[in-house]
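Engineer:
Chains as they are written, first to last, in the numbering used here: chain A, 347 to 460; chain B, 347 to 460.
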């Protein structure tokens, strides 16, 4: 059976935007390095409904009423995004051939509803 | 006929994230005020692909590979959002009964890929 949005949200615990963490290998990052070293990959996920301003409510209302049908308006976001506002500047590791590499801005260090 | 994503993008001129403007009446804002006064409503719309960092590429890769199947990860955004980073603090107007009102953070004044 198909679940309604509210049921889904309730089941997912309605989590607010926050920093999450998963252990992954460097190879899994998809940045073309082959290394079995693991790092804690941190990312931003969760809801931002509480951060809506009049701007978001207005934009949602204009879309709903089809007052303005321009493509640009239809595509504009009327809800804040849970996104990194700071990154771990550098992560260094050895690849499987023992070469040393440094990668930048891979992992989030702080999240916000923007 | 259904259009591919690239065709659609090309037709829409591939516009980068920027501030857009539309004349609307206060009534149309959906904030429960009745007034025929018009204001320039400014909002943020456009593409943010050029602003992707290693974080976004990594997150997209982890999702694609189903390395991590957690709900949180699936929901995390792997592309920056075109959003206001500043708002017009106040807009004042007279409603249709000549009462004076001030509304806050309704219109964007600056946009960015965040």
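Here a beta-carbon is modelled for each residue, glycine too, at the ideal position from N, C-alpha and C.
If you measure beta-carbon to beta-carbon, which residues of the stretch 398-410 of chain A are closer than 7 Å to chain B?
Structural biologist: Going along the stretch 398-410 of chain A in chain order, one finds 399, 400, 401, 403, 404, 405, 407, 408 with a Cβ nearer than 7 Å to chain B.
Engineer: Looking at chain A, is there any beta carbon in it that lies within less than 8 Å of the beta carbon of residue 295(B)?
Structural biologist: An answer regarding residue 295(B) cannot be provided, because it is not within the stretch 347 to 460 covered by chain B.
Engineer: Checking the sheet assignment: what are the DSSP bridge partners for residue 412(B)?
Structural biologist: Paired residue(s): none; residue 412(B) is not in a bridge.
Engineer: Please report how far the alpha carbon of residue 378(B) lies from the alpha carbon of residue 458(A), in whole angstroms.
Structural biologist: C-alpha separation (whole angstroms): 29 Å.
Engineer: With H, G and I counted as helix, E and B as strand and the rest as coil, what does DSSP make of residue 365(B)?
Structural biologist: Of the three classes helix, strand and coil, the one that applies to residue 365(B) here is strand, per DSSP.
Engineer: Could you check if residue 431(A) is buried or exposed, using at least 16 other CB atoms within 10 Å of its CB as the buried criterion?
Structural biologist: Exposed.
Engineer: Roughly how far, in whole angstroms, is the beta-carbon of residue 438(B) from the beta-carbon of residue 398(B), given that I think they are within contact range, below 8 Å?
Structural biologist: At roughly 40 Å, the Cβ-Cβ gap does not stay under 8 Å, so residue 438(B) and residue 398(B) are not in contact.
Engineer: Going by C-alpha to C-alpha distance, which of 388(B), 382(B), 380(B) sits closest to residue 367(B)?
Structural biologist: It is 388(B) whose Cα lies nearest to the Cα of residue 367(B).
Engineer: Which runs of the beta strand (DSSP E) fall wholly inside the stretch 433-460 of chain A and span at least 3 residues, in chain order?
Structural biologist: With a minimum length of 3 residues, the continuous beta strand (DSSP E) runs that stay inside the stretch 433-460 of chain A are 436-440, 446-450, 454-459.
Engineer: Grab me the residues of residue 369(B)'s own chain with a C-beta within less than 7 Å of its C-beta, minus the 5 sequence neighbours each way, in chain order.
Structural biologist: Closer than 7 Å at Cβ, skipping near neighbours: 384, 386.
Engineer: Which chain A residues are close to residue 454(B), counting only those with a beta carbon under 8 Å from its beta carbon?
Structural biologist: 401, listed in chain order.
Engineer: Could you run through the stretch 369-396 of chain A and flag, in chain order, every residue whose CB is less than 8 Å away from some CB of chain B?
Structural biologist: Cβ contacts with chain B: 370, 374, 375, 376, 377, 387, 389, 390, 391, 392.
Engineer: Please work out which residues of its chain come closer than 7 Å, Cβ to Cβ, to residue 422(B), disregarding the five sequence neighbours upstream and downstream, and give them in chain order.
Structural biologist: Cβ within range, chain order: 405.
Engineer: May I ask which residues mark the beginning and end of the alpha helix (DSSP H) holding residue 418(A)?
Structural biologist: Taken as a continuous stretch (DSSP letters only), the alpha helix (DSSP H) holding residue 418(A) covers 417-421.
Engineer: Could one say the Cβ of residue 418(A) lies closer than 8 Å to chain B's Cβ atoms, at least one of them?
Structural biologist: So, interface residue.
Engineer: For chain A, check one thing: does any of its Cβ atoms lie closer than 8 Å to the Cβ of residue 362(B)?
Structural biologist: No, because no Cβ of chain A sits closer than 8 Å to the Cβ of residue 362(B).
Engineer: Closest to residue 361(A) by CA distance: which of 375(A), 376(A), 391(A) is it?
Structural biologist: Taking only the C-alpha atoms, the option nearest residue 361(A) is 391(A).
Engineer: Interface residues of chain B around residue 421(A) at Cβ under 7 Å?
Structural biologist: Neighbours of residue 421(A) on chain B, chain order: 391.
Engineer: In whole angstroms, what separates the C-alpha of residue 428(B) from that of residue 429(A)?
Structural biologist: The straight-line gap from Cα to Cα measures roughly 11 Å.
Engineer: Taking residue 388(B) as part of the beta strand (DSSP E), name the residues at either end of that continuous run.
Structural biologist: It spans 384-391 - the beta strand (DSSP E) in which residue 388(B) sits, taken as one unbroken run.
Engineer: Tell me which same chain residues have a C-beta within less than 7 Å of the C-beta of residue 440(A), skipping the five on either side of it?
Structural biologist: Closer than 7 Å at Cβ, skipping near neighbours: 381, 383, 446.
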